[in-house]
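Residue numbers (our numbering): 733 to 993. Notes to accompany the following structure.
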DNA sequence: CGAGACTTTCCTGATT
DNA sequence: TAATCAGGAAAGTCTC
């Protein structure tokens, strides 16, 4: 690692992780389940919009729900607003995923400090969604199976992925940053929205963020870009010749189009 | 355990 | 010169 390369990264991160974002990102203790992905120390009432977004992504990751399953713009709010949402609000905003989010935030509100989501409860909800005949939900939850909204969205293919190691794929991670510009502090931007062309503005910062997600502090743009190049063959991305840091979504990339939902 | 998907890591060489 | 791009090769990490 040369001095110049690290200072490049520093300058990118300084811009990205401005003082409003504080992430206790010290040495992570690898002790199983979500501890490594659950780093919100403060109460959700005091979260920034960006922290709300992170919480959202983490809950989705933990349950291997594709982020495009819900309109993320419905959660363009800070922690205070988030905490004031009712169960019905969550249903409206996130459909079938609403109950999962509602329970997560309820737990966090009650505990006041970092608490892990309860996977058993969630698996109950998930199985309830898949097998509506079963009726064994926690007492405080609205009967999930009775919601037509849930049935509709889950029959649409919003299901847990079969093979999705470590939750989100790289291209989905990139896509989700693009789709949330208000929580994307100048990392990547659309060059041609309808064609799916985008450009990395802060390549090393994006790599750091990706590494953070994968719990890999040594991620670099060099390595991230190798993974991106593998997407060409699978037509998840198309080559954009002659333009540095520019990529284009391919025919096998889903969920990035404005009209697609 | 094995296979396969999806990276991650490393590398050599070319291009901007 | 540094940053980026191109891919080959092989290892690592998951899920099924």
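Using N, Cα and C, we set each Cβ at its ideal position, and we do this for glycine too.
| Query | Result |
| --- | --- |
| Own chain residues within Cβ distance below 7 Å of residue 951, not counting five before or after | 939, 940, 942 and 943 |
| Of the listed residues 917, 910, 935 and 934, nearest to residue 928 (C-alpha basis) | 910 |
| Nonlocal neighbours in the same chain, by C-beta distance under 6 Å from residue 821, ignoring five residues either side | none |
| Residue 807, enclosing beta strand (DSSP E) - first and last residue | Looking at the DSSP string, residue 807 is not in any beta strand (DSSP E), and its letter there is neither H nor E. |
| Residue burial classification, residue 842 (beta-carbon count within 10 angstroms, cutoff 16) | exposed |
| Where the alpha helix (DSSP H) containing residue 822 begins and where it ends | 819 to 826 |
| Spatial distance of residue 804 from residue 912 (CA atoms) | 7 Å |
| Status (buried if at least 16 other CB within 10 Å, exposed otherwise) for residue 850 | Any reading at residue 850 needs caution, since the residue's pLDDT is 38, under 50, leaving its predicted position unreliable; the model's value is listed next. Residue 850 is exposed by the Cβ-count criterion. |
| Outcome for residue 934 when other beta-carbon atoms lying within 10 angstroms are tallied against a minimum of 16 | buried |
| 6 Å Cβ shell around residue 799 - same chain, five flanking residues per side excluded | 792 and 908 |
| Residues bridged to residue 782 (per DSSP) | Bridge partners of residue 782: none, in fact. |
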